[in-house]
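Worksheet: the structure to be examined is printed underneath.
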Amino acid sequence: MQGTSIDQQPLVLRPSPWSAGFLLLFCVPAFCIGVIMLPSMPLAGLGAVGFGIFGIREGVLRLRPGHTWMEVDPQRLSICRNFRVSTYSWEAVETFQIESVNIGDDTEIDVLQMIMANDEETITIPGCFGKSTDEMAQLLGSQLEQSRARVARLERFERSLERC
């Protein structure tokens with residue numbers, strides 16, 4: 007006999023360490039160039055140093071275990087960003103949608119938005135888990151539909167018990 011979907015193990019997604027490595031690869035030289043520029047061009051050098059420090063900090067934090075992850079299971083969706091965990095029950099989620107966001111110079115990127123059922127704010131799903139926006143929308147959308155099907159089966163079962 008096959009296990010039910012309740013028996014499913016949660017799917018835990020973590021970002022690739024490569025993204026943090028690329029961030030460090032870019033920000034360490036920016037920091038060094040900023041330090042070299044400080045005597046001759048203090049304002050530009052200070053900007054490069056600040057940018058480098060911020061990027062190095064973020065890169066190092068992303069390499070720490072537990073900094074960012076997402077857990078998808080039959081009852082809930084948990085998202086951890088900067089060591090802060092937010093958990094959402096599937097009943098509180100209305101849908102997932104892909105939205106194009108303009109980031110300047112006529113450049114747009116697709117982001118995955120979670121639309122909440124009770125008109126709360128929209129939650130952006132991080133795009134750092136090694137899956138495309140379409141793959142993430144499909145994964146989370148199918149889990150949402152499975153949750154709705156479980157609730158519908160449970161409601162039918164409860165109604166059948168009331169008739170007895």
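Just so we're aligned, residue 7 is where the sequence shown starts under my numbering, counting upward by one. By construction, the Cβ of each residue, glycine as well, lies at the ideal position given by its N, Cα and C atoms. Given the structure is predicted, the values throughout are model-derived calculations rather than measurements.
Phe-102 is the residue among Arg-154, Phe-102, Ala-123 whose C-alpha sits nearest the C-alpha of Ile-131. Scanning its chain for C-beta atoms nearer than 6 angstroms, with the 5 sequence neighbours on each side dropped, one finds around Phe-57 the residues Ala-36, in chain order.
In the DSSP assignment, Gly-110 is bridged to Thr-113. If you draw a straight line from the Cα of Gly-110 to the Cα of Leu-29, it comes to about 21 angstroms. Here Cys-86 is bridged, per DSSP, to Trp-75, Val-91. For Gln-103, the pairing in a beta bridge is given by DSSP as Gln-119. Under the 8 angstroms Cβ criterion, the segment 134-142 does not count as touching the segment 151-163, having fewer than three qualifying pairs. Sorting Leu-146, Asn-108, Ala-50 by C-alpha distance to the C-alpha of Ser-84 places Leu-146 at the top.
According to DSSP, residue pairing for Val-18 in a beta bridge involves Glu-77. Sixteen is the threshold: when 16 or more other Cβ atoms of the shown chains lie within 10 Å of the Cβ of Ser-153, as they do, the residue is buried. Measuring C-alpha to C-alpha distances from Cys-38 to each of Ala-54, Ser-46, Leu-49 identifies Ala-54 as the nearest. The Cβ atoms of Ala-98 and Met-122 lie closer than 8 angstroms to each other.
A buried status is given to Ala-26, since no fewer than 16 other beta-carbon atoms sit within 10 Å of its beta-carbon.
For Thr-139, there is no enclosing beta strand (DSSP E); the enclosing alpha helix (DSSP H) has its first and last residue at 139-169. Taking all protein chains in view, the Cβ of Thr-128 is surrounded by fewer than 16 other Cβ atoms within 10 Å, so the residue is classified as exposed. Between Asp-112 and Ile-104, the C-beta gap is not smaller than 8 angstroms, which leaves the two residues out of contact. Taking each of Ser-106, Val-41, Val-91 in turn and checking the Cα distance to Leu-118, the smallest one comes out for Ser-106.
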